[in-house]
Every structure is written in C-alpha cells, then in structure tokens.
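Position in the sequence shown counted from 1, then plus 635, gives you the working numbering.
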Amino acid sequence: MKKSLVMMISILLLTLTGCAGGSESELEGKTLGLSMYNPTVSKEEAEAAEFKFSSNTPVFDFESSKDVTFSLNGSTYTGEYTLEDEHLSITVEDGDASMSIDFDEFKASEEEYASYSGTVSDGELDEGDETTQLTNAYRNFGLDEHYLFLEE
C-alpha cells in the first residue's frame with residue numbers, strides 16, 4: 636500500500652513539474668514592430684493595410700521566453716525581456732551601453748490590425764563610456780507614449 640501511494644505521488648509530482656517547466660511567454664516566437672496610433676488614418680484604411688517593416692521601424696523579435704532582439708535603422712541589439720501581467724520590460728545591450736524600456740497596460744490590442752498595445756512607463760539609458768547607436772534608438776521612445784505592436 637505504501638509503495639503504491641509513493642508511486643502515485645511520484646507520478647503526480649513528475650506530471651505537475653513537467654507541465655510547469657520552461658515558463659513560456661505568449662510573445663515567444665513573435666516579431667513585432669512598433670507604431671504609434673495615427674488619428675489621420677481611418678480604421679478601414681488601417682485594417683486593410685499590409686504592414687511591411689522598414690529599417691526605421693523599431694522591431695522586437697521575441698526569440699524565446701526571455702531572449703529578445705531589437706532592430707532599428709540597420710542596427711541590432713540583443714537582450715532579455717519579462718512579461719508579467721500587463722507589464723513588459725525589455726533590456727538590450729550594445730557593448731558597454733544598455734537600454735531598458737518598460738511598457739505598462741501591455742495587452743492584446745483593441746485595434747483589429749494590431750496584435751498588442753502598451754504605454755511606455757519608464758526608460759533608462761546607460762551609455763557606458765561613449766555614445767552609441769543605442770542612444771539614438773532610446774530617443775525614439777517617449778515616456779507615456781502609447782504604442783501599437785504590429786505583426787508583419
């Protein structure tokens with residue numbers, strides 16, 4: 636009796652840890668470009684548009700449940716992200732320099748043509764010893780600005 640109880644508990648624990656292992660993110664495997672809401676574009680035009688990311692489109696490639704690549708103006712930066720509830724925090728690096736951007740109210744977008752939306756709640760730039768292209772990238776994000784995250 637004790638052996639079968641221990642065996643059942645062991646199987647249950649293995650099953651539970653197997654299901655909970657490797658925390659997946661809903662962003663994993665997605666590539667999202669950022670855009671600001673444009674009130675001069677009608678809802679019909681926006682829904683009918685085909686989005687193609689250009690080199691000056693800020694693009695986040697969520698490679699895994701924590702790794703992200705940020706691309707802008709031909710430069711690419713690697714880093715990490717966390718997504719907890721409606722808070723997305725992204726940190727990328729370029730040598731000694733690093734940039735962190737936090738989005739609050741990050742959730743599925745109400746706009747049909749956008750996957751997600753969020754508002755920049757905080758940002759930090761550590762330039763290290765010298766100014767890098769990451770400085771220019773950081774200037775693209777405005778505090779309290781609302782962004783749409785689009786899939787190409």
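Where a beta carbon is used, it is the ideal one built from N, C-alpha and C, also for glycine.
Beta-carbon spacing of residue i, residue j below 8 angstroms
{"i": "residue 701", "j": "residue 786", "result": "no"}
{"i": "residue 726", "j": "residue 719", "result": "no"}
{"i": "residue 728", "j": "residue 699", "result": "no"}
{"i": "residue 697", "j": "residue 670", "result": "no"}
{"i": "residue 746", "j": "residue 783", "result": "yes"}
Other residues of its chain near residue i: CB distance less than 6 angstroms, five sequence neighbours each side excluded
{"i": "residue 668", "result": "688, 692, 694 and 785"}
{"i": "residue 713", "result": "704"}
{"i": "residue 764", "result": "731"}
{"i": "residue 772", "result": "707"}
{"i": "residue 717", "result": "724"}
{"i": "residue 710", "result": "768"}
{"i": "residue 780", "result": "755"}
{"i": "residue 760", "result": "734 and 773"}
{"i": "residue 776", "result": "736, 755 and 758"}
Residue i, buried or exposed, once every other Cβ within 10 Å from all chains shown has been counted against 16
{"i": "residue 752", "result": "buried"}
{"i": "residue 743", "result": "exposed"}
{"i": "residue 769", "result": "buried"}
{"i": "residue 733", "result": "buried"}
{"i": "residue 778", "result": "exposed"}
{"i": "residue 656", "result": "Confidence at residue 656 is low in this model, with a pLDDT of 42, below 50, so its placement is unreliable and the value that follows should be read with caution. With fewer than 16 Cβ atoms within 10 Å of its Cβ, residue 656 is classed as exposed."}
DSSP beta-bridge partners of residue i
{"i": "residue 735", "result": "726 and 759"}
{"i": "residue 629", "result": "No answer is possible for residue 629: the residues shown for the chain start at 636 and end at 787."}
{"i": "residue 744", "result": "In DSSP, residue 744 forms no bridge with anything."}
{"i": "residue 695", "result": "667 and 705"}
{"i": "residue 659", "result": "Residue 659 pairs with nothing; no bridge assigned."}
{"i": "residue 690", "result": "Bridge partners of residue 690: none, in fact."}
{"i": "residue 752", "result": "742 and 783"}
Same chain only: Cβ atoms within 7 angstroms of residue i, ignoring 5 sequence neighbours per side
{"i": "residue 721", "result": "739, 740, 741 and 742"}
{"i": "residue 690", "result": "708 and 709"}
{"i": "residue 762", "result": "732 and 770"}
Test: residue i CB closer than 8 angstroms to a CB of chain E
{"i": "residue 695", "result": "This model lacks chain E altogether, as it is built from one protein chain only."}
Proximal residues to residue i (C-beta, below 8 angstroms), its chain only, five neighbours per side dropped
{"i": "residue 750", "result": "665, 667, 743, 744, 784, 785 and 786"}
- Task: Check whether the stretch 755-763 touches the stretch 728-739, counting contact only when three or more Cβ pairs, one atom from each stretch, lie closer than 8 angstroms.
- Result: yes
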